[in-house]
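Protein chains in written order, with the numbering used here: chain A, 1 to 481; chain B, 1001 to 1505; chain C, 2001 to 2492.
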């Protein structure tokens, strides 16, 4: 193992350094800013995230061959690169969406917490050491626990924070147990060294399978796959809506990034086993998510169950255990990120202005704010997998991967449950376009508008011009194998 | 002229349809214009069919004035027209009766435009059947005629018109289903719908193993034969497929009945002669006895049925069944005794009977219409002694009835005599029974005449009925002339028919 | 590269829809005019394609191609052949008619016309696709317009149910097929969604027999195959007039077309294997659809079930796998599209004026709206397969094809024709003739000039094709499309 430090390593973690710096700047500015000025912090944060993203794109591009840096703590490769950009986008949108009087007093904190969490995610995606991985996960999670309980005067929000913390802690513990087993059996914490040992037959399949299961529990929680999904509806419902959006997208993406990396890197020897397990998780998620969503009358709970189902679809791509499938999952994630953020953004707006998250609150939205109605239409149909929106191509890829891998049953189940999914998405859509009693347009802020525009543009772009993102997804998948 | 000669049939066939299209563009609220235009338009095909008659060479080719153009090559069907002596006779009958029927329809006052359009389309449909030399085309025109007739009955008919029109179209369409299927079968097996080609392929068809679609070829052919027969039998109508006819006739407007009895029924008989006998000689021979039996039943029961009616129009309707029975008897004879003198004579009689029945049945329906328009009833018991009031009408009615009755010297006698003469040696018993049927013919004809014209005058009519007017005489006069001419000197038309029949059999 | 006429046909309505959405909601007249202009332009382009298509040369013409996702072999690949050219024309015709019929829609015309345009773009996209991915892309593009149009502008009593049922059935059908298509993509191993490439992929017999059922079945749901037909009447009845026209007229053809193009042409061995089943189901469609139509009391349901019945004939035509059957099916797709559009248009006109569709409450409307009534009667005659109309020249070859494969099918299916005659005549008699109820006598007026144009145009076209199947280029065109199919399926 090469433990020497090279200056180029700093360049590789320049985005993470930038994030840390950004968090500090925000906190500092937060002290200076007064009253309504705090709203401007959102623009600063978003701008900062944009700068970080540019830095990441320019300086942190992976080389031909993946590189392990900082003594094998981090790996500079395409997955890290792609996911970092995804997280940055998610964070920027979340911050812009979140700008409102409701959290204006503590808006600085909000932005800083999001940025710190993003830093953690970014490290998660590139971590190649069990310890680094665990630290990254906790760096991500702690700000999120706080964010979920951000509205301290709102009992539901507090409950959400605590629930999320408890579930998170428990699953973290199980995962950590799995990590410790791996370390115990191999004597190393480096993922790729463990992988080498496994390849040479140093580990029994039983051990590998067992630890794979334990690790899956932790990641299953992160990505809210059934049966580790129980927290999601309650937390989404209680947490401030932008946070719920962030939880359901960026945080889920981070979970996937690690899940795939660990499964691919450490457990290729028991691939057929975990492939089956992941397939089952996918199936259960798709079924439970979609069917339970049918019964929901609260939009946030509905989206929570929908996001469980979406996790299932992504897992279909993972279960295929192929570069194609992994690329599909990445594409799906990217598409899902912009889509779900748009949906939660609108939920945030309506919940705030109408004062309810019930589906009935959406009556007449299409007439009150036609553009917002159209954006919601795009988001919902993208979740349903309808072209020319991004969800279509994502579904096509993951189902294709299942078919290619011979998991026809998974593909069939997937398409059948997606029909169920379409049912409730369309129901919401219908409510939006039904004439309502109140015809006044809901007021929207500039930052919210920009954030939504970015999301919708993303949905449409990923839904019509597939090649660039698909190319990136393929590279990403290549970095895992 | 060369163009007209080369496309004479097309001109005759489509000039009514073109006129119908033009009619659509005429203003709706000018009844005079619509009527006279239609009359003029219906005289065009008549004029051209006279040219056709003049240009037809009875001693020449079997089919003349042939036209052949691509229509639906993808399924081997072509626009193939041509007439022989038999078809020629029928074309003349159609183009003659249509202007007369149009003239009759001058009394129609409702929705004149639609009525006239349908009438002209009907003419095209009927002419097409007589002219087609392509099995598919034949079917096309066969069906096309149904629609206008349906609406004529349905829209301008009597009280029970809905029932009658639906019964008419369902019977005929139901009958046509077999025709449709059999047509397809033949087309698929033979690979062509061209009638002249089929003549050489279908009757002598041999297949490896003698099996077609898993069934013995002979069985399939028999089934196809019966499909054809039923379709045509419904139209003729042959007993027991006749029940639509009295209803349709009774409810149809006068001109509709004229065309229905005068031409449409002939389509069925023509189908027998054109399609069944040439395409299924063996089966026709095999089943000729059955056909003769049905014909006899039609003659006897039709006569009896007519006698039992109190409705004047219904009585005339049943008489059609009775008269068409002779046509079928003639055809059955020809089927049994193809190639013999008897067969030729009987078929000559049948074709002539078709023409003759067209004349006098149209006349009878017209006369019923004349009295109905004045009295608004057709109940025979309500009339009586009208001869005193309407001497001209009475004379015409007696004259036409006598033709129908088969009085020597009028046309009905000639054709029925020929049929009986031809059929006697072949189906002696059937013919004998049919002769008994003739007795009923006399009975019901005289009953009608007695009830309408003679006996005590029903006082309520005196002063209320006007004499037949000039327009109506213009309708009936040509028919009466033809009836008399053929009755006295049938040779001019019989020659054409006879040569055609001899060429076939 | 030549003039991208097909792309224009596909994207013109799409662009028009977007422009319409961008307009302020109050500018209703501008919305209508833009929609009509786009639809008419589209129609003109479709006519140009129809006329300019070179039958002698055959094959795919007006081809455009560029890569979409090169890594996966997905391309934007448009082209039309003898089967799809008439369908493109039919689609454009029905969209134009739909716009004209909907001229008086007063409730949010902006969204209505925009969605209608999207729907139009979707069907044209499918008809022009030579790439499997593109087929699905464009097909599913129509999901939300059709759902929303039914759910929002539909018949209030049944629109919730009808819209959802229709949309989910159609979506289900397409995604089921999608799985099959993915299997084909991987089994071929050519890294291509290009259908012309996949035609030569040489799938194994076992593969074809397994997957044909999936691919064909999915698309056949869209085509209304028994027992998955029930979305059609429910959906069509719930939809507003223009959408019924488009759904029954064009959308069902999209399914049938895709079933032919993808399932039969790419998996010919599978088609041979399953043909008897399809024949049987198609026959059930024909007879069952007609019988159910006979007992309906709702005017619109009669037509809804008649579509089920007629699509059965298309399926039969496909399953014969011979020249006559496929030719007839091609003709029938066109003919039925026009016919059913006309049917629904007239039903809409009647409902708009009488405010009831209950046959028992209607009557004598011929006097009030003669043009519409004549149009309905002509559509009825087409539906009955009356010679002289387009229905006959379409159904006759189908029956011939059936004779060649399974005569029993021809015999049973012909019975459907007589039932059809029955229900058409009954409906015509009850709705347009007879005595007019006094209430309707006062309120019902004649149809507008725009409506008359639609009725007249569609009716004239059906007669034109019925009288001149060859001269109108329809039969030769479709024949040129059938010949390559026969080369693939190896039929006579």
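The beta carbon of each residue, even a glycine, is placed where N, CA and C say it ideally should be.
Identify the continuous beta strand (DSSP E) that holds residue i and give its terminal residues.
i, result
"residue 295(A)", "That residue, residue 295(A), is in no beta strand (DSSP E); it is neither H nor E in DSSP."
"residue 2310(C)", "It is not in any beta strand (DSSP E) - residue 2310(C) instead sits in the alpha helix (DSSP H) that spans 2299 to 2320."
"residue 1071(B)", "1064 to 1072"
"residue 74(A)", "74 to 76"
"residue 2065(C)", "2061 to 2069"
"residue 1236(B)", "Looking at the DSSP string, residue 1236(B) is not in any beta strand (DSSP E), and its letter there is neither H nor E."
"residue 440(A)", "Here residue 440(A) belongs to no beta strand (DSSP E), and DSSP marks it neither H nor E."
Closer than 8 Å by C-beta to residue i: which residues in its own chain qualify, once you throw out the five before and the five after it? Chain order, please.
i, result
"residue 486(A)", "Since the first residue shown for chain A is 1 and the last is 481, residue 486(A) is missing from the structure and cannot be characterised."
"residue 463(A)", "335, 382, 387, 388, 389, 390, 391, 392 and 393"
"residue 9(A)", "69 and 70"
Just how far apart, CA to CA, sit residue i and residue j?
i, j, result
"residue 2225(C)", "residue 2144(C)", "23 Å"
"residue 125(A)", "residue 136(A)", "9 Å"
"residue 1411(B)", "residue 1050(B)", "21 Å"
"residue 1198(B)", "residue 1188(B)", "12 Å"
"residue 1094(B)", "residue 2285(C)", "41 Å"
"residue 164(A)", "residue 14(A)", "31 Å"
"residue 159(A)", "residue 173(A)", "21 Å"
"residue 2150(C)", "residue 2294(C)", "25 Å"
"residue 493(A)", "residue 244(A)", "Since the displayed chain A opens at 1 and closes at 481, residue 493(A) lies outside it and no answer follows."
"residue 236(A)", "residue 260(A)", "25 Å"
"residue 2492(C)", "residue 1182(B)", "For residue 2492(C), the predicted structure reports a pLDDT of 44, less than 50, and the residue's modelled location is therefore unreliable. A value from the coordinates is still provided. Near 21 Å, if we compare the C-alpha coordinates of residue 1182(B) and residue 2492(C)."
Output yes if chain A places a C-beta closer than 8 Å to the C-beta of residue i; else output no.
i, result
"residue 2427(C)", "no"
"residue 2068(C)", "yes"
"residue 2123(C)", "no"
"residue 2171(C)", "yes"
With a cut-off of 8 Å on the beta carbons, I'd call residue i and residue j a contact; round off their distance for me.
i, j, result
"residue 456(A)", "residue 375(A)", "5 Å"
"residue 206(A)", "residue 194(A)", "Incorrect: roughly 16 Å between the Cβ atoms, too far for contact."
"residue 2102(C)", "residue 2241(C)", "7 Å"
Got a sec, what are the start and stop residues for the alpha helix (DSSP H) residue i sits in?
i, result
"residue 1299(B)", "1281 to 1307"
"residue 2430(C)", "2407 to 2432"
"residue 166(A)", "155 to 186"
"residue 142(A)", "130 to 148"
Any beta carbon from chain B within less than 8 Å of residue i's own beta carbon?
i, result
"residue 2330(C)", "no"
"residue 2333(C)", "no"
"residue 2187(C)", "no"
Who are the Cβ neighbours of residue i in its own chain at under 6 Å, not counting the five residues just before and after it?
i, result
"residue 1161(B)", "1153, 1154 and 1251"
"residue 278(A)", "315, 318 and 319"
"residue 1355(B)", "1089 and 1093"
"residue 1409(B)", "1487"
Is there a Cβ from chain C that is less than 8 Å from the Cβ of residue i?
i, result
"residue 1071(B)", "yes"
"residue 1213(B)", "yes"
"residue 470(A)", "yes"
"residue 1173(B)", "yes"
"residue 1015(B)", "no"
"residue 400(A)", "yes"
Report all residues from its chain with a CB closer than 7 Å to the CB of residue i; omit the five preceding and five following residues, and keep chain order.
i, result
"residue 2341(C)", "2094, 2097, 2245, 2249 and 2458"
"residue 1185(B)", "1224"
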